Structure formats: C-alpha cells, structure tokens
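Visitor: What the sequence shown shows, in mature numbering (1 follows the signal peptide of the UniProt record, and there is no 0), is residues -26 to -1, 1 to 107, in sequence order.
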Amino acid sequence: MAKRYLINICLLIAVLCGFSSCEEDAYYDPYEEITYDLCNYVWTDWFVVDGLDCEQQLTFNPDGKGWDTRIYHYPSGRIDREEIPFYWDWDNYYTDILYMDYEDGRTTLENVWISGRTFKCLYNGERVTFKAY
C-alpha cells in the first residue's frame, strides 16, 4: 500500500513539474531580442556592381534610424564611400519582414533570420547573407 502511495505521489509531482515547464516566460520578448541583435552589430556584405567590388554596411539604431554605407573599390586602388540614411521598422511586430525607408523609396527585407553573427534575408527579392563586424 505504501509503495503504491509513493508511486502515485511521484507521478503527481512529475505531472505538476511538466505543467509548470510549459509556461511562457513573461519576460521573453522575441521582438526585443531580435531588435537587440539587429542593432548590436554593423552588418556587412560584398557584391559586384558595374564591375566594381562593393562593400555594403548596414547599421541599425534602436531609435529606428540607420545608415547604409557603400564602399566602392576600384581596380586602381581608389575607394569611394557613399553613406545613405534610412528609417527602419519591423512589419507589425513580426520580425521576418523589415522595411528600410530611404529618401528615394522603400527597400523590403523579407524572410529575415538573425542568428549569432549572421543575418540572412531576401533583399529586394535577392537572397543575401550579411556578417556582423
């Protein structure tokens, strides 16, 4: 009888522990976490435009402002730098779409995925991977 009582108590404790572990963390906010990751680094990618190597650096600030810095490397060694300000925001609390509003139009980053020091997305429909520096 005592053995059965102990088994029932152990099962009850196991069930109660299982229920308590399913609760959501009241302080966990995925929106805040991914925004922190986005704003904590300068995100860099390289591509070729008009035969020139171009380094693109995206800097996001928590206040919704940012900089798109493009550094063009010429074969002669000359370097041109262009800094373009923008405003950014997530799409209605969802963190898989990011809007970047430039003076001359909007850029949409879709399928946003940030993990560690890697930022992947569809940048105006083209798959791009930025690295954090």
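Where is the CB? At the ideal position from N, CA and C, for every residue including glycine. Here the structure is a predicted model, which means the values were calculated and not measured.
What first and last residue would you give for the beta strand (DSSP E) that runs through R55?
Guide: Element bounds for R55: 53 to 65.
Visitor: Following the continuous beta strand (DSSP E) through D19, name the residue where it begins and the one where it ends.
Guide: First-last of the beta strand (DSSP E) with D19: 16 to 23.
Visitor: Comparing alpha-carbon positions, which option in M74, V22, R44 lies nearest Q30?
Guide: Checked all of M74, V22, R44; the closest Cα to Q30 is R44.
Visitor: Can you grab the Cα-Cα spacing for the pair E84 / D65, in whole Å?
Guide: When rounded, the distance between both Cα atoms is 10 Å.
Visitor: Note down, in chain order, each residue of its chain lying with its Cβ closer than 8 Å to the Cβ of G38, except the 5 sequence neighbours on either side.
Guide: So the qualifying residues of the chain are Y61, W62, D63.
Visitor: Could you give the distance in angstroms between the alpha-carbon of W41 and the alpha-carbon of E56?
Guide: Roughly 10 Å between the two C-alpha positions.
Visitor: Please determine, among F34, C28, T69, D70, the residue with the shortest C-alpha to C-alpha distance to I53.
Guide: Of the listed residues, the one whose Cα sits closest to I53 is C28.
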